[in-house]
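**Q** Just remember that my numbering sits 33 ahead of the position in the sequence shown, which is counted from 1. Before anything else, here's the structure in question.
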Amino acid sequence: MPQFFATSPRLLEELLALELETLGATEIAPTHAGVTFHGDLTTAYRVCLWSRIANRVLMPLAECVATDTDSLYEGVGTVPWREHIERGRTLAVDVTAIRSPIESTRFALFRAKDAIVDQLREGRGERPDVDTREPDVRVSVHLEDERAVVSLDLSGGSLHRRGYRLQGGEAPLKENLAAAMLLWAGWPEIAADGGAMLDPMCGSGTLCIEAALIAADVAPGLLRQRFGFVGWRQHRSAAWDKLLVEAKDRANAGTVRMPRICGFDANPDAVHNAIGNVERANLTGFVHIERRELASAEPLGKEDTGLVAVNPPYGERMGEASDLQSLYTALGGQLKRNFAGWQAVAIVADDDLGRRLGLQASRRMRVFNGKLPCRVLDLHIRTDQALSAGGEMLQNRLRKNFKHLSRWAKKNEVSCFRVYDADLPEYAAAIDRYEQFAVVQEYEPPKTIPPGKAARRLQDVIAVVPDVLGIEPANVIVKVRRRQRGTAQYGRLSQSHELVEVAEGQCRFLVNLRDYVDTGLFLDGRLIRRRIAELSLGRRFLNLFAYTGTATVYAARGGAVASTSVDLSSRYLRWARRNLELNGFGRRDHELIEADCGAFVAQCRDRYGLIYMDPPTFSRSKKLDEDLDIQRDHIAMIQGCLRLLTPDGVLLFSTHSRHFDLEVIEGADVQEITRQTVDEDFARGRAPHRCWQVSHRSLDRRLRAPAWERDS
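As structure tokens, this is what we get:
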């Protein structure tokens with residue numbers, strides 16, 4: 034099947050990938066600024082018609098060398114353009130570039146256009162006219178490094194231009210970003226359950242209109258006047274007509290079950306524009322727009338649940354942020370007064386203004402509104418009403434756990450620890466205390482749990498944590514830990530870059546509690562780090578897959594004469610250097626190396642008395658020729674480490690893989706020490722990791738044990 038590339042707004046690639054899966058695409062792979070996928074031509078047409086998130090759908094025709102404009106001309110000329118452009122059709126060429134040696138995209142555009150025009154003129158004796166606004170055929174040329182990809186633009190222009198918005202507000206939200214907000218917030222499920230949607234600051238009405246199109250199952254492409262493939266020589270009109278008929282039938286059926294959708298705005302001009310946009314979207318009678326002050330915003334119907342979606346003004350858009358603090362406070366207060374039990378989704382460009390809402394964000398998503406970096410907040414609107422029966426059970430369990438663990442933590446000089454880990458099956462979350470902060474990680478609920486029920490349970494968790502743990506509500510950070518499937522890897526959650534200093538015993542570490550699922554400090558590895566400190570005296574220490582260097586800090590604190598920490602991530606190594614410096618350890622004796630750990634071990638000629646290896650279960654990187662699979666690769670990795678061990682050396686090997694099976698290692702003495710490395714706060718359920726101590730077979734076990742075990 035042919036390959037296609039759907040471009041997307043920045044940072045929405047993962048959402049677009051999920052959408053493409055529902056549209057019948059296969060071999061879906063998110064990448065920078067878009068998603069590659071496979072399918073037949075009908076699939077590509079369906080994406081053009083139905084995608085609410087994509088900008089464009091491109092069909093690559095050729096890839097060529099593009100070190101200069103001459104090589105670009107030759108490469109574009111290899112495409113048989115007569116197979117794509119009929120006589121009498123108009124043409125346009127777009128050029129984009131990343132790190133290209135061709136500095137002028139304007140000159141590149143002229144040369145690419147000339148290559149097409151010259152070929153057609155030689156074959157037909159006439160050249161096609163150029164129409165940059167509404168061409169019959171639009172060609173996309175993307176330059177990256179020294180290569181060029183030449184594609185046919187099937188969409189014929191950005192798909193975010195649905196065709197209904199002729200008037201916008203002062204800083205309108207693009208249609209596909211508005212749709213992405215609604216999809217991410219769970220609006221399809223809320224609408225299916227009969228929930229309403231309301232935008233108290235609707236501007237040009239984009240969020241309301243996109244909500245209506247989603248709820249009514251209206252393909253956004255139905256409103257467009259033209260697509261790029263219609264003027265293409267190989268266009269299959271029968272397949273396209275069939276898709277249009279199907280989409281119109283679905284739209285007619287969908288409007289019958291339309292939920293209540295309302296938009297308010299205090300500006301009469303904005304209301305006028307929004308009403309006009311609703312009319313052009315053929316949604317008159319389905320979307321209600323009226324002039325109303327924020328202080329009067331309330332549900333118009335009797336719905337107990339629904340979604341408030343809002344794009345409030347922010348400092349960069351309409352004045353300084355300080356002038357808007359009272360507006361955000363008023364917005365949050367109005368939501369809490371009149372929309373208790375509803376969900377809310379808001380896009381903000383300023384974190385401080387977002388916090389003025391006074392609502393806990395259970396999730397955050399980084400996006401760009403145009404060139405402006407923003408965050409979309411998933412908010413749960415609560416009042417100070419009494420907890421549900423389940424919430425009271427959770428509160429009691431959390432209070433009991435915290436009472437016991439806080440005593441244990443104080444006795445053992447532990448300031449960061451797990452308080453709760455899905456002790457009650459209904460409340461499937463982990464709660465970690467990081468001194469004055471709490472991190473709540475909701476485990477992804479199964480599909481059998483309705484989204485609304487899962488959201489209410491998460492609200493209970495967020496409500497009880499500040500009081501029980503004695504921390505400020507603003508210091509409760511909520512994340513969703515999704516089950517890793519196949520080769521999936523955790524991505525970034527936000528971009529706060531906020532590092533917090535915390536203590537663990539005599540060591541201090543920097544943690545990032547907001548930006549990723551993991552914080553930079555694996556709490557379950559506490560006793561492994563202590564073992565490293567006990568075993569490191571007088572030894573040279575090697576830390577493979579070093580992450581943020583916490584194990585290296587323990588080794589240095591324990592008396593290691595030198596250390597080498599290896600990781601493929603330069604960001605983690607910078608973090609590790611800061612952790613070392615925070616604890617008073619300089620560069621001379623503690624080397625950090627950015628490298629593939631497997632390649633480092635294969636090439637290393639040094640010997641170490643202590644090696645720690647905690648590889649990820651699976652890792653994929655553009656820096657590697659092959660992916661890392663711990664189950665497949667662990668024997669070779671351990672044998673390589675044994676080669677680097679001194680005769681009396683010790684290797685500690687740990688993994689978080691739940692289904693890992695350690696194979697027999699020839700010539701080694703292997704002892705599983707998992708039970709000795711699981712601390713009190715992780716002792717309630719299944720061990721969070723597994724750990725083995727490996728050495729050359731001749732070594733006496735007592736010499737390998739840390740002091741507290743040798744003395745017992």
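We treat Cβ as the ideally placed atom computed from N, Cα and C, and that holds for glycine. These figures come from a predicted structure and were not determined experimentally.
Going by DSSP, what residue range makes up the alpha helix (DSSP H) through Asn310?
**A** The residue you call residue 310 lines up with position 277 of the sequence shown. Run containing Asn310: 301-313, per the alpha helix (DSSP H) assignment.
**Q** If Phe435 and Leu333 are in contact, beta carbons under 8 Å, what's the gap, nearest whole angstrom?
**A** If you number the sequence shown from 1, residue 435 lands on position 402. If you number the sequence shown from 1, residue 333 lands on position 300. In fact, because the Cβ distance is near 43 Å, the residues do not count as touching under 8 Å.
**Q** Taking only three categories from DSSP, how would you classify Arg85?
**A** Position 52 of the sequence shown, counted from the start, is the residue given in the question as residue 85. In the structure shown, Arg85 sits in coil (DSSP, three-state: anything other than H, G, I, E or B).
**Q** Just how far apart, CA to CA, sit Asp454 and Arg432?
**A** Looking up residue 454 in the sequence shown gives position 421. Looking up residue 432 in the sequence shown gives position 399. In a straight line, the C-alpha of Asp454 is about 13 Å away from that of Arg432.
**Q** Going along the chain, which residues of its own chain have a beta-carbon closer than 6 Å to the beta-carbon of Ala224, five neighbours each way excluded?
**A** Here residue 224 corresponds to residue number 191 of the sequence shown, with the count starting at 1. Counting only Cβ-Cβ distances below 6 Å, and skipping sequence neighbours, we find Ala248, Pro292.
**Q** Which full runs of the beta strand (DSSP E) of 3+ residues lie inside the region 162-203, going along the chain?
**A** 170-177, 180-186
**Q** Classify Ile698 as helix, strand or coil using the three-state DSSP reduction.
**A** Taking the sequence shown and counting its residues from 1, one reaches residue 698 at position 665. Residue state, collapsed to three classes: coil.
**Q** May I ask which residues mark the beginning and end of the beta strand (DSSP E) holding Gly227?
**A** Your numbering for residue 227 matches position 194 in the sequence shown. Unbroken run through Gly227: none, as it is neither H nor E.
**Q** Roughly how many angstroms separate the alpha carbons of Leu327 and Pro233, rounded to a whole number?
**A** Your numbering for residue 327 matches position 294 in the sequence shown. Your numbering for residue 233 matches position 200 in the sequence shown. The alpha-carbon atoms of Leu327 and Pro233 are separated by roughly 6 Å.
**Q** Leu360 and Pro345 - do their beta-carbons sit closer together than 8 Å?
**A** Taking the sequence shown and counting its residues from 1, the one referred to as residue 345 is at position 312. Taking the sequence shown and counting its residues from 1, the one referred to as residue 360 is at position 327. Yes, the Cβ-Cβ distance between Pro345 and Leu360 is below 8 Å.
**Q** May I ask you to verify whether the region 272-290 touches the region 76-84, counting CB pairs closer than 8 Å and requiring at least 3?
**A** yes
**Q** Determine, using beta carbons only, whether Asn88 and Ser137 come nearer to each other than 8 Å.
**A** Mapped onto the sequence shown, residue 88 falls at position 55. Mapped onto the sequence shown, residue 137 falls at position 104. No, they are not a contact pair.
**Q** State the DSSP-derived secondary structure class of Gln267, mapped to helix, strand or coil.
**A** For the purposes of this step, residue 267 is identified with residue 234 of the sequence shown, where counting begins at 1. Coil at Gln267, not helix or strand.
**Q** Note down, in chain order, each residue of its chain lying with its Cβ closer than 7 Å to the Cβ of Ser191, except the 5 sequence neighbours on either side.
**A** Taking the sequence shown and counting its residues from 1, the one referred to as residue 191 is at position 158. Answer for Ser191: Asn88, Arg89, listed in chain order.
**Q** Quick check on Glu326: does DSSP put it in helix, strand or coil?
**A** Stepping through the sequence shown from its first residue, residue 326 is reached at position 293. Residue state, collapsed to three classes: coil.
**Q** Tell whether a beta-carbon distance below 8 Å holds between Ile118 and Val68.
**A** The count along the sequence shown starts at 1 and reaches residue 118 at position 85. The count along the sequence shown starts at 1 and reaches residue 68 at position 35. Contact: no.
**Q** Pull the bridge partners of Ser687 from the DSSP assignment, please.
**A** For this step, residue 687 is matched to residue 654 along the sequence shown. Cys724, per the DSSP bridge assignment.
**Q** Run through DSSP, which three-state label would Cys630 get?
**A** To locate residue 630, count along the sequence shown from 1; it is residue 597. The answer is helix: DSSP assigns Cys630 an H, G or I state.
**Q** Cβ atoms of Ile510 and Arg547: under 8 Å apart, would you say?
**A** Taking the sequence shown and counting its residues from 1, one reaches residue 547 at position 514. Taking the sequence shown and counting its residues from 1, one reaches residue 510 at position 477. The answer is yes: Cβ separation under 8 Å.
**Q** Whether or not the region 204-224 and the region 371-387 are in contact is what I'm after, with contact meaning three or more pairs of Cβ atoms, one per stretch, closer than 8 Å; do they touch?
**A** yes
**Q** Can you tell me whether Asn429 is buried or exposed? The criterion is at least 16 other CB atoms within 10 Å of its CB, across all chains shown.
**A** Position 396 of the sequence shown, counted from the start, is the residue given in the question as residue 429. By the 10 Å Cβ count, Asn429 comes out exposed.
**Q** Residue range of the alpha helix (DSSP H) that Met426 falls in?
**A** Here residue 426 refers to the residue found at position 393 of the sequence shown. Note, Met426: alpha helix (DSSP H), 422-444.
**Q** Under 8 Å between the Cβ atoms of Ser598 and Thr583?
**A** Within the sequence shown, numbered from 1, the residue matching residue 598 stands at position 565. Within the sequence shown, numbered from 1, the residue matching residue 583 stands at position 550. In this structure, Thr583 does not lie closer than 8 Å to Ser598 by Cβ.
**Q** Rounded to whole angstroms, what is the Cα-Cα separation between Val452 and Thr362?
**A** Here residue 452 is taken as the residue at index 419 of the sequence shown, counted from 1. Here residue 362 is taken as the residue at index 329 of the sequence shown, counted from 1. So the two alpha carbons sit approximately 32 Å from each other.
**Q** Measure the C-alpha to C-alpha separation of Arg408 and Arg399 and round it to an integer number of angstroms.
**A** Here residue 408 corresponds to residue number 375 of the sequence shown, with the count starting at 1. Here residue 399 corresponds to residue number 366 of the sequence shown, with the count starting at 1. Near 5 Å, if we compare the C-alpha coordinates of Arg399 and Arg408.
**Q** To test your reading of the DSSP string, which unbroken beta strand (DSSP E) runs of 3 or more residues are found completely within the region 592-617?
**A** Uninterrupted beta strand (DSSP E) stretches at least 3 residues long and entirely within the region 592-617 occur at 595-600, given in chain order.
**Q** How far does the beta strand (DSSP E) with Gln36 in it extend, from its first residue to its last?
**A** For this step, residue 36 is matched to residue 3 along the sequence shown. First-last of the beta strand (DSSP E) with Gln36: 36-40.
**Q** For the region 489-505 and the region 455-462, state whether three or more C-beta atom pairs, one from each stretch, are separated by less than 8 Å.
**A** yes
**Q** For the alpha helix (DSSP H) that contains Gly391, what are its first and last residues?
**A** Taking the first residue of the sequence shown as position 1, residue 391 is located at position 358. First-last for Gly391: undefined, no H or E at that position.
**Q** Based on the DSSP output, what are the partners of Glu537 in its beta bridges?
**A** Position 504 of the sequence shown, counting from 1, holds the residue named residue 537. DSSP lists Val447, Cys540 as the beta-bridge partner residues of Glu537.
**Q** What residue ranges within the region 361-401 form continuous alpha helix (DSSP H) runs of no fewer than 4 residues, ordered along the chain?
**A** Unbroken alpha helix (DSSP H) stretches of 4 residues or longer found wholly inside the region 361-401: 384-389, given in chain order.
**Q** Here's a check: name, in chain order, each residue in its chain whose Cβ is nearer than 8 Å to the Cβ of Phe578, leaving out the five neighbours to either side.
**A** Position 545 of the sequence shown, counting from 1, holds the residue named residue 578. Only Val599, Asp600, Cys630, Met646, Asp647, Pro648, Pro649 meet the Cβ criterion.
**Q** Whose C-alpha, out of Thr123, Asp73, Asp186, is nearest the C-alpha of Ala39?
**A** Your numbering for residue 39 matches position 6 in the sequence shown. Nearest in C-alpha terms to Ala39, of all of Thr123, Asp73, Asp186, is Asp186.
**Q** Comparing C-alpha positions only, which one of Leu695, Tyr641, Ala609, Leu316 sits nearest to Gly571?
**A** One-based indexing of the sequence shown puts residue 571 at position 538. Looking at the Cα atoms, Tyr641 is the closest of the given residues.
**Q** Distance check for Leu412 and Gln709, CA to CA, integer angstroms please.
**A** As a first step, residue 709 is located in the sequence shown; it is residue number 676 there, counting from the start. As a first step, residue 412 is located in the sequence shown; it is residue number 379 there, counting from the start. CA-to-CA, the gap between Gln709 and Leu412 works out to about 41 Å.
**Q** Beta-carbon separation of Ala609 and Ser596 under 8 Å?
**A** Taking the first residue of the sequence shown as 1, we reach residue 609 at position 576. Taking the first residue of the sequence shown as 1, we reach residue 596 at position 563. No.
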